[in-house]
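Engineer:
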Amino acid sequence: MKTRLILIVGLIVLPIAVVCNFPPTLQGAGADEKAVRDADEAWSKAAGSKDVDKTVAFYADDAVVMPPNAERATTKEAIRKIWKDLLTDAKVSWKATKVEVAKSGDIAFISGTYEVTMNDVVTGKPVNDRGKYLEVWEKQTDGSWKCGADIWNSDIPLTSATSDKK
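Sequence positions in the sequence shown follow numbering that gives the first Met the number 0 and run 0 to 165.
1) Let me know the secondary structure DSSP gives residue 87 once reduced to three states.
2) Using only alpha-carbon positions, find the residue among 149, 132 and 78 that is nearest to residue 97.
3) Along the chain, which unbroken stretches of the beta strand (DSSP E) at least 3 residues long are found entirely within the segment 51-88?
4) Can you tell me whether residue 31 is helix, strand or coil according to DSSP?
5) Expressed to the nearest angstrom, what Euclidean distance is found between the alpha-carbon atoms of residue 68 and residue 31?
6) With 16 as the cutoff for other CB atoms within 10 Å, does residue 81 come out buried or exposed?
Take a look at the structure:
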């Protein structure tokens with residue numbers, strides 16, 4: 000009887016103990032994933048509205064930005080210049096296709112697609128670009144998320160670069 004009682008109590012307590020001992024990052028991974036996805040969506044909206052200050056505010060203080068065909072930017076001033084130049088003449092939007100929070104719970108990765116419409120510098124006619132991006136997000140001490148690394152590149156081949164080599 001005593002053995003049976005211990006077995007029953009053990010079967011009740013064991014699952015509760017297991018669930019309670021999951022690391023917080025596993026319990027909150029869904030919430031973190033949603034928070035990062037929501038931040039990325041808000042960031043795209045800020046860029047879409049051409050709000051340079053709001054767009055740059057999504058970057059961590061030590062962020063690295065690697066735009067296509069340009070030097071990387073490692074200061075807020077350099078990042079601000081990239082976005083100011085881009086948003087002056089372009090319509091920008093992006094959408095995450097994959098969001099993954101690391102098991103550590105303090106880093107997240109986003110990949111997705113972007114679209115940019117801008118005027119060609121030579122002809123003045125609208126040019127559409129589409130491509131992919133990869134971002135690394137860092138959880139801040141206040142629980143918010145900031146982008147620590149941002150890189151994007153076009154899916155459209157560089158025809159002028161290849162024709163110059165001939």
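Quick reminder that beta carbons are idealized off the backbone N, C-alpha and C, glycines included.
Nothing here was measured: the structure is a model prediction, and the numbers come from that model.
Structural biologist: Looking at the atomic coordinates:
1) helix
2) It is 132.
3) Runs found: 58-65.
4) DSSP, read as helix, strand or coil, puts residue 31 in helix.
5) 33 Å
6) By the neighbour-count rule (16 or more Cβ atoms within 10 Å), residue 81 is buried.
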